[in-house]
Every structure is written in C-alpha cells, then in structure tokens.
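Just so we're aligned, residue 1 is where the sequence shown starts under UniProt numbering, counting upward by one. We put the CB at the ideal spot given by N, CA and C, even for glycine.
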Amino acid sequence: MPRSRRVRALLSSVLLLGAGLATAAAPSSAAPSAAEPDTLPASIEAATSERPVAPGVTAEETETLDDRGWQVTNAVTIDTAQGAELGYLSHGSLTDIGPITEPGQAAGAVAVVNGDFYDINNSGAPIGPVITGGELLKSPSGGQTRVVAFDADGAGRVTTIEFAGTVGLPAGDRALDRLNSSDLPANGIGAYDEHWGDYPRTRAVQNATNVTEVLVADGVVTEVREAPGAEALGAGTVALVGREQAADVLATLRPGDAVAVDWQARAADGRPVDVAIGAHALLVQDGVPQPVDDATYAARTAIGFSADGTEITILSADGDNYSHSRGATLAEMGRLMAGRGVHTAVEIDGGGSSTMATRLPGTSALRVDNALSDGELRSVPNGLGVFVPSPSEDTAGLWTRPALAPDDAPSDAPAGGGRPDLAFAGLARTVAATPHDETYGPVSDEPSITWSASGATVDPAGATATVVSTEPGTVTVTAAAGPARSETALEVLTAPVRLQPTERSVNVPSLTATGSFGLLGYDAHGSSAPIEPGDVELDYDESLFTVTADGVRGFTVMPVRDGVAGLVTVRVGDLETSVGVSIGVVTHVLDTFDDADGWRATATRATAQIAPTPDGEDGAGLRLSYDFTQATATRLAVAQLDQPLGVEGQSRSFGVSIYGSGKGEWTAFTFVDANGTTLPAVYGPYITWEGWRTVELAVPEGYPQELSFRRLTIIETKAAAQYTGDVRIDNLYVKAAPSVEVPADPPAQDPIVAQDLSRADADWRFAVFSDAQFVARDPDSPLVEGARRTLREIRAADPNFFVIAGDLVDEASEADFELARRVLEEEIGDAVPYVYVPGNHEVMGADIANFERYFGQTHRVFDHEGTRFVTLDTSLGTLRGGGFEQLAMLRQALDDAADDPAVNSVVVIQHHPPRDPTPSKNSQLADRHEAALLERWLADFQHDTGKGALFAGGHVGLFHASSVGAVPYVINGNSAKSPSVGPAEGGFTGWTLFGVDPVTAQEQEAARTSPYAGGPEWVTAQFRPHVDSLTVDAPATLAVGDTAALTATVVQGARSVPVAYPVSSRWVPSAAVHVGPVDEAGVRHVASFDPATRELTALRPGVVTVEVSVGDRTEVVRVRLTP
C-alpha cells in the first residue's frame, strides 16, 4: 500500500486546452497538451524477431502499425558471400503444381519462396520466362519479360529476357512466338516440348476457330492434327501449335517433312543467366521506390538485390484473410524494400500463393513462416529455394529455448502467444536444446548435452531439462555439448496465488473427437505464466473420460462414454480450480416458424414489424421489416419471443437461418437463464450476404449452462446508413451438451482498490467518472440527475482534477453536447478542472466533429505532479479509429516519460478497456492486437523504468480492478446508466477517486531491479457508490470472548449494494477498540476490530461504537460488550 503522507497543496498549475473551453481545463505542470504531429513517428514497430537459418541466411518477422492498420511481414535475407545460393524449384513439368515446400524439402532447401504468377485454375503454367541450369524452359507469356535472374556464382539481379525463335518449314522460315506458353497471339506459332507436361495444349488456343498441331520428332514431322493434344511429349519431340494464318501454314505439312525448330533467349543486360523466373511490377530501381499502385492491399511477395547482387532480400506481407495484417500495396512493398537498402526489387506472385518457409536450427523440415491467405498451402508451379554447401552434420552449436513454443503456450493475452519464458518460483519450466552443425542443419553424431542453471536446480533428460527456481529473479540456463554452448534466460515470478484453465468447460462432441485445455498461474501482481502438466494433479471420474498430458503444453481429453459429463479438479500445490467436461452434443430445433405465434417486434430509434412469410428457407418463415431512416444514432429492430425457447442441458451454441439483402446490418442474439434473467447480448456477423445463411453463435464461457433464446436483434450503427429493409428468419436451433456445474473460483481482489479508507491517504488525487448517457430531449431525466449527482460528489471531494472517461451523452447531437456543457458549468463551474475523453456514444449519432466543437481535443498528453497523463479516443471501438497519431503520441509519451526524471508515473485513460471482465466480452477494445500492444507497452514501461503505470477506463458497466503484468487496470462503473452486472460484482452507480503518491528515485530503482516484486506502490482507487441510504448490521450486545462480523449495505433506489469489495468504505471504531489482529490488543482495549474481515471481538465489558462511511454518508452503530 502507498505510504501514509500528509496531503499537500492540490493544484500547481492549469493549462487550458482549447479556445473557448473555460471549464475544460487540464492540469499541467510542464508537458504540452499534445505532441506536435510532425514529431510523431509514421509507423510503430510493435514486435520483431529473427533467427538464423544457415550461415548468411536469416529469417525475420516484423509487426508494425501505422495509419493504414496492422502489417506483418516476414523476410529471408541471404548473403551469398557466405556460401548460400538460390535455385529453381518445380514439381517436374511446367504444368505440375503443388505446395512449393514439397520440392524444396525434397531438394534439401533451407528456405523456400513461391515464384511467378501463373495460369491459375487452368494449365498452372508460370506466366513469365523460366531458365534453370542455363536452359530456357519457357518463354515469356503475354509480354511478361521481367525476371529475377541469378548467375552461376549465385549473384542475383532484375532484368528482362528477350526471346526469339524460328520454325524452318519447307516453304520457308516462320517466327516462333512462344515456348511452352499458356497463351498464343493471333496468327502465331507456339512450341511445346517435354517440359510442358500433360496439360491439354488447347489452353493456348481455346478461343481460336482455326488451329493446327504438328508433332516433330528429331526434326521430322510425325503427325498433323486439327486440334492440339494433351499427351506428355518425350525428349526430342516438339509440338507446334498454330492458329489462324499460322494454322493454315502448318496444315500444309505432311508426315516426313523436315522441320527445324530453334529458339534462344538472352538477358537484356547481356549477362549470363543460370536461373530465372518471371517477375512483375518493378518496385525499387537504383534504391528508389517506384511509382506503382498504392491503393490495393493484398498478401504480397517481393525479392530484391544489392547493387552487386550478392545480398538478396525476400519479403512477404501477410494478407487479411487469416491474419490481422492488412496486406500491402505494391508501393508499400517498394518502400519496405528500399528501407532495407536494396538496389532493385520486384514483385513476384502474392495473394494465396505467397509462401515463405524456412527451417529451424538443428532441423531439416521446412515450416511456413507467413500467414497463408488461403488458410493452407496453395499449389503453385515454381519457386526458389535457398541452398547451402554440403554440411558436415557434426555438432557445432546448440539452439536453446523453452520447450514450449509461444504459439502453443497457454495464454490469456488479448492476442499473440503465451510466455513460456516466464516461470513461477517452485514450479518447473522445461527447456530444450537442439544441436546443429556449422550450417545450422541437423547433426548425426548424437552429442551428449550437459545442463546447468544460475540459481536453480536442473533435472536433465538428454535434449531437454526441467528447471526449478525457489526464488524469483532471472535464471540463466546453459546447455553444452563439447565446446558448443548456448544459453536462454527465464524470468521467475513469485509463487502463484491462483490458477485459471484456458477452458472452463470442454465439450467433446463425439466419441471419436478429443478436447483439450491448458493451465495458467497468476502471481499476486497479476503476472501470468503457463503451468506445465508435470506440476499438476488431476482428480476426475475415469469411467467418463480420460485426461492425459499433451507434452508440456496442457492436457488432452478423450471420451470413454457418450452423453455424460463430469468435473476435473486441477491442483497445483495448495491451489485448486476446476474444468467441466461434457461428452456429446445434440442439435434441438426450437422453432421452424410455421406461424408467427409467440413472436413480436420492438424497435429503438426505428420502427419494426413482424409477420409470417411463406418464403422461409424450407417452407414458412418469419419476416422482420424495419425503417432505419428515423434517426442517426444506433437503431435496433428486434424479433422477440414472449416465452423464450430452450432445452435442458448445457447450451453450447444457438443458430438461426437468416435471409439477407447485403445491407450490412449487425446481428445479435439475447438469451435468458433458468431464472429468467436477461444476459448481455452476444453479437454476430454483419449481414453482408444475399440469400440464406445460417448464423450460429457460441455461448460465451462464463454464461449459465441452461439458456433460452429470447430475441434476435438487427442493428444499424452507422449514422449515414439510412434505409428500410427486412430480413427473413427460419429454423432456430440450439446445440446442447450434458450439464456439469463448474464451481466458480473465488474472485480476485486487486490491491489497488482501497477498501479501508481509514488508512487511505495520498499526496494528491484525481477523479474519473463515465457512462451517464443522457439525451438533451429529456434534460430532467434520472440519467441527467445521476450525472449531476456525480459531479456534485466530485466537487465536494475536491480532487485536483477529474476526467470524464466517455459516454457522458448518448446520441452525440449538438443539443446533447450543449446540455453536457450546461450541466458541467452549473455543477462544476471553474471549481475543479476536468478533461473530457470521448466514448462510443460521443459519436453514436454523429461524427466526432460535434464533440470537438464543444469540448476540443479528442486525445492529449499532460503532466501533473510528476505523473504523465495520456488520454485516448476509442469512440469507434479501437485506438486507430481515433487516429493513428494518438498511438504514435502514446508511444512517444512513454519514451519521453522513461527518460524524464521529472516524470515518475504514467496514467492512460480511455473509454474502452483492453479487457472486459464479463463473460460477454462486448465492451473491450475491438482490436485485440491493440489491446495486447497497450498492455505490453505499459508493462514494459513499468518493468524497464521502475516508474508507475496505470490504466483507467469505463464502458463495461461495472466497477472492477485487475492487474496485468503488475500494472493495474481500473474500470470505472456507470454514473447514471443502469449497471451491466449485479451489485456484488461491482454493478452500482458512482465514480472513482484515485490517490497518487510520487514514485521516488529509490523506489524506481528497487522496482526496476526486482520487477517480479510487483512494481512500485503509488496509487489507490476508491470506488465510491452513490448512497441513498446506508445501513450497518451489528449486534446490540456481544459477550466477552465472542466475535461478530459487521456488515453494511448501501441502497441505490431499488438496488442494494453490499459494502464489501469492490466498494470503498471507512470503518472507524471508538478509541477503546484495537484495530488489527486480536492478539496484538493492549490492556486498555475492550475490543479488537479487524478492518479486513470487519470482525469485532469483545475482550472486556464496555460499550464501543463503530463509525461506517461510504461515499457522502456515515452511520454509527453502538455495541455493548457483556461479561
């Protein structure tokens, strides 16, 4: 907890942030309100990694973010001076296709990349020229003459291939236009040999009406045909295919005629070519990006060369089909390649063809590095492989790392993999060492590996070792094999205090399927790490299913009986959690909509009607029509059941068929539990399709098991989208599994929440409130009154300043903001400075311009008393939606704060939190990679500097606090709008008061050198509910030696809120009462009171009082202590 300290003068200075904003003042002591745009980076490197593939060959992955979005690139760099070279890869003939990894693996390549564009879904032949071993296999098609070429020494370059050929006929020579090409120009002749394969040669002339094919073997005509054949040709045989006038010429030939077919190719630069494949757009010339398309995003692949061709860079950019990466434009690829210092670069095939695969050290198997846009390896005709000199296969080095790969590790991060580099004190982490030879390839000498570790015990098992440290800190693990040595570092956290399985409920749908789960532990500061199966004990009924370790990753569930369910108790030391397992799932049809009975339509800011229709998916259906032209704020059309429909058992998912018209409406399902309680909506896809489609939504983990379907909601959020329409629905169903009740783990209580205000003190304070959501057309509504009440309470508390964390208004009209400004002026005036941060309702019915007109900047940076505040705009649900410049501003603010001795802590405030703690997860940042980035930045800042970091937000509808990587994340509840959860879970109205102490230089040093200790203790959060009345339950009398628990309850209208975590309160007993453990009471004390448990113990006869304060209310209870 922060040190008790005398409260100092509150406000040192104020900086106005916007002309005309007399009340919208932000506290500031030094920093500008926002960084100047021209000082901000144009792109942020979010993550980067590299590893060796072979001498002079390196694989890299980079994740960046800029104003266009996320971009993930992979690169292979090759220095041919160290012996590596590129070679041609194919599947045999030019028309044979398959994954490029297959010929690469067979040929012993250490890395492969796809090659040229090709005649996709037809012949499969590449479009550009092909040369291998100095032999021309294929001429350019369709004018595609540009190539990437390599000489016999391995140097690469970009050039063009000039093709020329003749056909010597008895009547004279004719030009040969193509060799092994999938196209043939009008009146042209093409030649095909054994390299073409067995694809029909009709492909090149499929639109021609006059065609002749002539087979020539060893210079003699053997056959004249009226149509091209499809057979594979043998060595020495050439098929000549002519069309139009050329067909007439070839038709004059007869078997036995002598025909000489000759072709040749040369590079335009006159230099020899050993290997070449086709290339397309020129991206970089003389180190300068070229003026190519900068609008079309796709998965891309490019290859570039140094001026002398000895340094080669292959670059791929992931597309957005199976990745959060946006892809790249051709111009971006040029800029990226130029930024890497290449002299020339060109585009090779991208999209679903884009494939980059490399081997890991000590292995020969190729693994795909990029995210494949088809979701799987595409079949392509050719590519390039990276080859190295023949290896010795003798051990020359070791590749050491945690045996559990990050992508496989259990994780609760919003995006990205887990952290097997973290371990807990007292628990194991398995480390692996793979021996490799001088080329980083596999070895054959089977070396003996020895293991050691600093500050930890090691249990070796050949190429792996189990490492256990009893103390937190950094452990260096060393593997050695003869002179070869390699190290990896583990950061050991303090012992875990709670467990969390990756799946609370595992459903195995059939006896032939399996399920799985992993296990995470958490230390007292919110840092998590995977826990390996070797440290876990399981207890379950083996007659129902079996659970076995899946290596070091987690557990596999295999069914024994169908239609059953059971509980797996998971123990690690004294810690325990549970996983529910069910076997089997059954689909139950809930409604076929043969009539509309039981359904009705409702609407918000719209009108809606419901009616039966004969045009269902398979008979009758239901039509929900709507008019979304009546407002610009979010509009809803709802098909609702009077009596919800469901079945007994564990509801796994609900589905319904929807006939769409492609208007882009959003969908949502709403369920009720067995008690009839309506749960938060589960959101589905946007209706971008036309015709029928089944929409099935999984029930979120954490929802009650037995659910019923209540309503389907059609939503339009875009203000500019004004239209009428309808959807048809049919065949509502639920997939249900056997029920199993999973005991809830005790909720974690974050230490940032000040539960006992009698001990809370700080140097200075600031307040946060949010989520009133009032509208100007109802200026005296309970929502407006709730906002006014909150502002009055904040003013009475006299913080240094306060922040409105979004959703003060509901529909973002000018009138709404006029009312907001009037409420602030009437309730606050200039008494307390404030900053207003926009939420999603600040743009609900208009764009952000209305907010800016009345309240100025949407994001800013300011300093107060050594704390740097960064406020961010998530009004569109993401950080980039508020402008990339604010992400760049945040990155710069953190970097500057790290170096600035005047700044000892950082606070980030925005409307949407990175994580929504409720089961629906509806209210978190929509971009999960942004959420992960924000969490990583704040954790790294605190870890690396020892300075404090804090996040505060709203939006979810509850008061909540948790820590991630020792950084506290505080969610402010609603100030007026109804909460989203029950009172005991933080569902009440109110606001948050933060107390801040400076982090001294000595405290920064201690936190920096011992990051596992949880970081500096510098801030507390008081969750202050509105209090209509306060009651305290205490016994009138208490016998000496007895103990009674005192409880209190806050009433908010019809809502009763227990005065327990997370509610902040003050409990002050009278002077004769000892505060603390009972065994520490003195002879003058007649009773002892434990503020943590609220227990009062009578020690001697007498009378005591306990004063209880919550918010602005105080009650006193009197207890007589009897003999």
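query, result
"For residue 196 and residue 1133, the rounded distance between their alpha carbons", "Here the chain has residues from 1 to 1123 only, and residue 1133 is not among them."
"Of the residues 79, 95 and 100, the one placed nearest residue 88, counting alpha carbons only", "100"
"According to DSSP, residues forming a beta bridge with residue 118", "126"
"Alpha carbon of residue 789 to alpha carbon of residue 859, nearest angstrom", "26 Å"
"Residue 661 in three-state terms, based on DSSP", "strand"
"CB of residue 547 within 8 Å of CB of residue 560, strictly", "no"
"Residue 605 versus 810, 550, 658 and 707, residue with shortest Cα-Cα distance", "810"
"As assigned by DSSP and simplified to three states, the class of residue 176", "coil"
"Which of helix, strand or coil DSSP assigns to residue 353", "helix"
"Residue 346 and residue 280 closer than 8 Å at C-beta", "yes"
"Burial state of residue 723, where buried means 16 or more other Cβ atoms lie within 10 Å", "exposed"
"Neighbourhood of residue 364 by C-beta distance below 7 Å, restricted to the same chain and skipping five residues each side", "441 and 442"
"Endpoints, alpha helix (DSSP H) assigned at residue 899", "884 to 899"
"Beta-carbon spacing of residue 228, residue 185 below 8 Å", "no"
"Length of the line joining the Cα atoms of residue 584 and residue 649", "11 Å"
"Cβ-based burial, residue 430 [other Cβ within 10 Å; buried from 16]", "buried"
"Buried or exposed (CB count within 10 angstroms, at least 16 for buried), residue 1077", "exposed"
"Cutoff 8 Å; reference residue 785; Cβ partners in own chain excluding five residues on either side", "976"
"Residue 311, buried or exposed, once every other Cβ within 10 Å from all chains shown has been counted against 16", "buried"
"Neighbour-count burial assignment, residue 845, 16 or more Cβ in a 10 Å radius", "buried"
"Proximity winner among 864, 302 and 838, relative to residue 874 (alpha-carbon distances)", "838"
"Range covered by the beta strand (DSSP E) that runs through residue 398", "397 to 402"
"Cβ contact check for the stretch 236 to 253 and the stretch 204 to 220: 3 or more pairs under 8 Å", "yes"
"Beta-carbon proximity check, residue 1121 vs residue 1046, cutoff 8 Å", "no"
"Environment of residue 718 [buried if 16+ CB atoms lie within 10 Å]", "exposed"
"Residue 794, DSSP secondary structure in three states", "helix"
"DSSP-derived helix/strand/coil call for residue 321", "coil"
"Cut-off 8 Å between Cβ atoms - residues of its own chain near residue 108, not counting five sequence neighbours on either side", "364 and 387"
"Proximal residues to residue 781 (C-beta, below 7 Å), its chain only, five neighbours per side dropped", "774"
"Alpha helix (DSSP H) runs wholly inside the stretch 983 to 1010, at least 4 long, in chain order", "1001 to 1009"
"Of the residues 417, 902, 1067 and 374, the one placed nearest residue 1105, counting alpha carbons only", "1067"
"Backbone CA spacing between residue 715 and residue 629 [nearest angstrom]", "13 Å"
"Whole-angstrom distance between residue 413 and residue 1109, CA atom to CA atom", "38 Å"
"DSSP state of residue 963 mapped onto helix, strand, coil", "strand"
"Residue 187 - DSSP class collapsed to helix/strand/coil", "coil"
"Segment limits, beta strand (DSSP E) that includes residue 101", "That residue, residue 101, is in no beta strand (DSSP E); its alpha helix (DSSP H) goes 101 to 107."
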